[in-house]
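Asks: Shown below is the structure under consideration.
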């Protein structure tokens, strides 16, 4: 119903509704997506859809109101403006509250628009999903079936404008594949998963996805519950990204200001091993998290977080920056449906040297964690305590050995950073946008038998 | 008192025409799901209201099946053009047109609200008072409480489901929730305590429940944990307090009893109906009709009436849970378990309120008969690998049991076990059944509201994921 309206024009039009004393920030977006799943050599389902979204923030005298809707219909838009106005009177006035203003930092001007994904036919997508399933089944005789083999793609555009002079527009798309093969041996079944995402279909590494997914299932056959002990754990890049992502969350201005970070008083201190350097870099086009702007329309920028183990800075959006008398670090994250929070766009770990096998040789004995379960229930980012389900392989005599499962690994986030003993050279950009390597951490409690 | 809408979410003729359009490409069955969701929330943090947020979503998802193939398209454009465009996109999985028979819809497409007092009819001022009252009670509990977050949220979700079998059903679901998260600061760092109050009701929730008592419980949890010791590492007997422990069964076997996972061989409970899969004292039920619990709905998101489904009776696996697709291919009735996050999603088999029924033991005897072990007073979420049955769940408040008595508090952590083994290892079940806190169950990227419950019970051995030897 509103396909014909240009989003920047729509955003400007809504901003012009601001009354005297009102700051208004408008986000509008349009997206379309397709997912094709294959099963038993045929298409199982084709799902497609279009969606729209608007989010409007209005601030008067430090009181903030926000409203959002899943439609760009004109009647809905005027309701959203009224709702935001209605909401703001109930928020407490806060002198630091305000819409971001341009800060003079130039955007990295990345060219993120690649229309290749728009030129694919539904038949091509279906063939890819079917092929994904077929290749998993033929990769190993123990693969009995594939629970899910899926192709997905999406394209979206986003405009943000405000009474403070912010006006940005972006568009872009991506595609992804994911597959879950089941491997059966005797009475035992194991399930694997692997996926990849990219801006262009031909950048997807399908061979690797199949190899990792099948190996993930077959490699776990025969897994046993390990004996409880303290040992060195090597986290594969995806698992490292999950933990370091939680730690980065505890290093945001929001959590620090509100007394919910175990690192609140530690700026400038050695919080990690000296081999550990962590940063957020949305200016690197190789990351799917790359962007020209943050969620408030300020230029995206590279931010050091931990440098050689020293906590270099906390991340801020414009509000948390004002609260501590600093500037935004361009770390606002949000979709059109929510107010800007603080977070990372493309969290990266400075890689070490050597391949994964070299890392295992260095570690000599311990475990290699391929996956974790229960991150949401087992990590408390306020106290720092963590204990999560883990599965993977033993490392024995510097090489991968038998699989283990039904165990947990536990420590605290604070200790974990200090106990990093080696960082792999196996750097990769994950579908989430994180750039990660494997990391080795000593003295972690493994609980099993 | 109950309220009933006067007209369906979408005009009956437009529904019929859209279904006809969806069938015009040779589809065998078609469905339209219309959803109107209005929600509002308010966050109280650092002693003040941070922001009030309101949100509105209206749209439809159209599904067409031909053989085992499903086509689906969603749109937020509910005009004839918008719906027909989505119907054609969904129909594209069928190849070649056919004569479409006229579709006669039964039912009136109207529903009664689950709320007595619609939250949208209550002033925002009253909601702010509620937040202030909760915050003040939590802070007054103990001087070591350094931060309190209170979150209020209300959501009304009206749905209309129609299909070419003639179904034309609606539901009007209102849920209201208040949660409080406290941070306590001690010599050893920070600890947290959480409580959540939520039911499938309107603002009458606050006539029936004491928010100040809830706030004090959350604060007390955080304070207790300031003195917590590292949890043990390894296998021990575990007593789980009544209520939220239901998440144990949700993960240990609930997901494994979802027919979509069973059909694809991704469940350890495949081909086991009629077998003893649990201790004979275990009866497990999934019940979407259960009072005002968080997972209660009148109809599922395929328009099927919800019902009480006994999954395990006296330890014997009696049935799986079913949605439209899976029950149709198995030639049996659906069980009211076809659910979806929103009109933008395809439905799949999901739980509603899942619980273990009462046993006979006195809860205090369950503790006193445990020589050494762990007592879990509050659980966090969990996760399961249905193919292997391995599952984890978090303990957010737990204590050591020493010589039959509950002693020192333990730091947070996960417990891990294997579903089929744990079910056999349920040693004793109490007579104090209660439902737990409201939850959101995630599966394949979709979240739906669910409830869990159980009496106090003991598992002979679970692996505690602590750090103490």
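Protein chains in written order, with the numbering used here: chain D, 340 to 788; chain W, 194 to 662. For every residue, glycine included, the Cβ atom is placed at its ideal position computed from N, Cα and C.
So is residue 389 (chain W) in contact with chain D if we call contact Cβ pairs under 9 Å?
Replies: Counting from one through the second chain, the residue named residue 389 (chain W) turns up at place 196. Chain D contact via Cβ: absent.
Asks: Taking the CB atoms as reference points, tell me whether residue 682 (chain D) and residue 588 (chain D) lie closer together than 9 Å.
Replies: Counting from 1 along the first chain, the entry for residue 682 (chain D) is found at position 343. Counting from 1 along the first chain, the entry for residue 588 (chain D) is found at position 249. Taking 9 Å as the Cβ cut-off, residue 682 (chain D) and residue 588 (chain D) qualify as a contacting pair.
Asks: Quick one, which of W:253, W:613, W:402, W:466 has its alpha-carbon nearest residue 207 (chain W)'s?
Replies: Numbered from its first residue, the second chain carries residue 207 (chain W) at position 14. Out of W:253, W:613, W:402, W:466, W:253 has the C-alpha closest to the C-alpha of residue 207 (chain W).
Asks: Considering only C-alpha positions, which residue in the set W:413, W:428, W:479, W:369 is nearest to residue 660 (chain W)?
Replies: To locate residue 660 (chain W), count along the second chain from 1; it is residue 467. Per the Cα distances, W:428.
Asks: If you check the beta carbons only, do residue 347 (chain W) and residue 233 (chain W) fall under 9 Å apart?
Replies: For this step, residue 347 (chain W) is matched to residue 154 along the second chain. For this step, residue 233 (chain W) is matched to residue 40 along the second chain. Contact flag set, yes.
Asks: Per the DSSP calculation, residue 542 (chain W) is bridged to which residue(s)?
Replies: Locating residue 542 (chain W) in the second chain gives position 349, counting from the first residue. Its beta-bridge partners are W:531.
Asks: Quick one, which of W:525, W:386, W:323 has its alpha-carbon nearest residue 341 (chain W)'s?
Replies: As a first step, residue 341 (chain W) must be located in the second chain, where it is residue number 148. Closest by alpha carbon: W:386.
Asks: Considering only residues of the same chain and omitting the five flanking positions on each side of residue 195 (chain W), which have a CB-CB separation below 6 Å?
Replies: Residue mapping note: residue 195 (chain W) aligns to position 2 of the second chain, counting from 1. Reliability of the predicted coordinates at residue 195 (chain W) is poor, the pLDDT of 48 falling under 50, and the value obtained from them is presented with this limitation in mind. Cβ neighbours of residue 195 (chain W) beyond the five flanking positions: 305.
Asks: Count the other C-beta atoms from every protein chain shown that fall within 10 angstroms of the C-beta of residue 422 (chain D), then say buried if there are 16 or more, exposed otherwise.
Replies: For the purposes of this step, residue 422 (chain D) is taken as the residue at position 83 of the first chain. The residue is buried, with at least 16 neighbouring Cβ atoms inside 10 Å.
Asks: Decide yes or no for the touch test of the region 481-495 of chain D against the region 666-677 of chain D: beta carbon pairs closer than 8 Å, at least 3 of them.
Replies: Result no; under three Cβ-Cβ pairs closer than 8 Å.
Asks: Looking at C-alpha atoms only, which residue of W:582, W:593, W:413, W:300 is the closest neighbour of residue 470 (chain W)?
Replies: By one-based count along the second chain, residue 470 (chain W) stands at place 277. Nearest option by C-alpha distance: W:582.
Asks: Within its chain, find whatever has a CB closer than 6 Å to the CB of residue 363 (chain W); leave out the 5 residues flanking it on each side and keep chain order.
Replies: Here residue 363 (chain W) refers to the residue found at position 170 of the second chain. Excluding sequence neighbours, residue 363 (chain W) sits near 302, 303, 304, 353.
Asks: Rounded to whole angstroms, how far is the Cβ of residue 733 (chain D) from the Cβ of residue 745 (chain D), which I believe are closer than 8 Å?
Replies: Indexing the first chain from 1 puts residue 733 (chain D) at position 394. Indexing the first chain from 1 puts residue 745 (chain D) at position 406. Wrong, their Cβ atoms sit about 14 Å apart, outside the cutoff.
Asks: Since residue 715 (chain D) is in the alpha helix (DSSP H), which residue starts that stretch and which ends it?
Replies: On the first chain, residue 715 (chain D) is found 376 positions in, with the first residue counted as 1. Per DSSP, residue 715 (chain D) belongs to the alpha helix (DSSP H) from 714-717.
Asks: Considering only residues of the same chain and omitting the five flanking positions on each side of residue 579 (chain W), which have a CB-CB separation below 6 Å?
Replies: As a working note, residue 579 (chain W) is residue 386 in the second chain. Hits under 6 Å: 448, 449, 454, 459, 460.
Asks: Residue 719 (chain D): which of W:322, W:250, W:374, W:481 sits nearest, CA to CA?
Replies: What you label residue 719 (chain D) is simply residue 380 of the first chain in a count that begins at 1. Closest option to residue 719 (chain D), Cα to Cα, is W:374.
Asks: From the DSSP output, read off the bridge partner residues of residue 433 (chain W).
Replies: As a position in the second chain, residue 433 (chain W) is number 240, starting the count at 1. Answer is W:569, W:650, bridged to residue 433 (chain W).
Asks: What ranges does the beta strand (DSSP E) occupy inside the region 480-509 of chain D, keeping only unbroken runs of at least 3 residues that lie completely in it?
Replies: For the region 480-509 of chain D, whole beta strand (DSSP E) runs of length 3 or above, ordered along the chain, are 482-501.
Asks: Rounded to a whole number of angstroms, what is the C-alpha to C-alpha distance between residue 513 (chain W) and residue 690 (chain D)?
Replies: As a first step, residue 513 (chain W) is located in the second chain; it is residue number 320 there, counting from the start. As a first step, residue 690 (chain D) is located in the first chain; it is residue number 351 there, counting from the start. Spanning the two alpha carbons is a distance of roughly 48 Å.
Asks: Would you report the Cα separation of residue 400 (chain W) and residue 390 (chain W), rounded to the nearest angstrom?
Replies: Taking the first residue of the second chain as 1, we reach residue 400 (chain W) at position 207. Taking the first residue of the second chain as 1, we reach residue 390 (chain W) at position 197. If you take the alpha carbons of residue 400 (chain W) and residue 390 (chain W), they lie about 13 Å apart.
Asks: Counting Cβ pairs closer than 8 Å, one from the region 469-486 of chain D and one from the region 543-560 of chain D, do we hit at least three?
Replies: Verdict: yes, contact present.
Asks: Out of D:654, D:543, D:748, which one is the CA nearest neighbour of residue 568 (chain D)?
Replies: Mapped onto the first chain, residue 568 (chain D) falls at position 229. With distances taken between Cα atoms, residue 568 (chain D) lies closest to D:748.
Asks: Just the C-alpha distance for residue 284 (chain W) and residue 393 (chain D), rounded to the nearest angstrom, thanks.
Replies: Counting from one through the second chain, the residue named residue 284 (chain W) turns up at place 91. Counting from one through the first chain, the residue named residue 393 (chain D) turns up at place 54. One C-alpha to the other measures close to 29 Å.
Asks: Taking only beta-carbon atoms, is residue 584 (chain W) less than 9 Å away from chain D?
Replies: For the purposes of this step, residue 584 (chain W) is identified with residue 391 of the second chain, where counting begins at 1. True, the Cβ-Cβ gap to chain D drops below 9 Å.
Asks: Residue range of the beta strand (DSSP E) that residue 346 (chain W) falls in?
Replies: Here residue 346 (chain W) refers to the residue found at position 153 when the second chain is read from its first residue. Taken as a continuous stretch (DSSP letters only), the beta strand (DSSP E) holding residue 346 (chain W) covers 338-356.
Asks: Leaving out the 5 sequence neighbours to the left and right, which residues in its chain are closer than 8 Å to residue 260 (chain W) when beta-carbon positions are compared?
Replies: As a working mapping, residue 260 (chain W) is identified with position 67 in the second chain. Within the same chain, residue 260 (chain W) has close Cβ partners 221.
Asks: Using a Cβ-Cβ distance cut-off of 9 Å, determine whether residue 378 (chain D) contacts chain W.
Replies: Indexing the first chain from 1 puts residue 378 (chain D) at position 39. Residue 378 (chain D) counts as touching chain W.
Asks: From this set, D:509, D:561, D:499, D:535, which residue's C-alpha is nearest residue 823 (chain D)'s C-alpha?
Replies: Since the displayed chain D opens at 340 and closes at 788, residue 823 (chain D) lies outside it and no answer follows.
Asks: Would you say residue 238 (chain W) lies against chain D (beta-carbon separation less than 9 Å)?
Replies: Mapped onto the second chain, residue 238 (chain W) falls at position 45. Yes, residue 238 (chain W) lies at the interface with chain D (some Cβ there is under 9 Å from its Cβ).
Asks: Going straight from the alpha carbon of residue 341 (chain D) to that of residue 411 (chain D), what length do you get?
Replies: On the first chain, residue 341 (chain D) is found 2 positions in, with the first residue counted as 1. On the first chain, residue 411 (chain D) is found 72 positions in, with the first residue counted as 1. Unreliable placement is indicated for residue 341 (chain D), whose pLDDT of 48 sits below 50; no coordinate value is reported for it.
Asks: Taking the continuous beta strand (DSSP E) assigned at residue 255 (chain W), which residues delimit it?
Replies: On the second chain, residue 255 (chain W) is found 62 positions in, with the first residue counted as 1. From DSSP, the beta strand (DSSP E) with residue 255 (chain W) extends over 241-259.
Asks: In the structure shown, what three-state DSSP assignment does residue 733 (chain D) receive?
Replies: Position 394 of the first chain, counting from 1, holds the residue named residue 733 (chain D). The answer is strand: DSSP assigns residue 733 (chain D) an E or B state.
Asks: Here's the rule: buried if 16 or more other CB atoms are within 10 angstroms of the residue's CB, otherwise exposed. What is residue 267 (chain W)?
Replies: The sequence position of residue 267 (chain W) within the second chain is 74, counting from 1. So residue 267 (chain W) ends up on the buried side.
Asks: Starting from the Cα of residue 528 (chain D), find the closest Cα among D:601, D:484, D:384 and give me that residue.
Replies: For the purposes of this step, residue 528 (chain D) is taken as residue 189 along the first chain, with counting starting at 1. Here the closest residue by C-alpha is D:484.
Asks: Under the three-state reduction of DSSP, which class applies to residue 194 (chain W): helix, strand or coil?
Replies: Here residue 194 (chain W) is taken as the residue at index 1 of the second chain, counted from 1. Low confidence applies to residue 194 (chain W): its pLDDT is 40, below 50, so where it sits in the model is not reliable, and the reading given next is rough at best. Three-state result, residue 194 (chain W): coil.
Asks: Identify every run of the beta strand (DSSP E) within the region 569-638 of chain W, keeping only runs that are complete inside it and at least 3 residues long; order them along the chain.
Replies: Runs found: 583-595, 598-603, 606-611, 619-622, 632-636.
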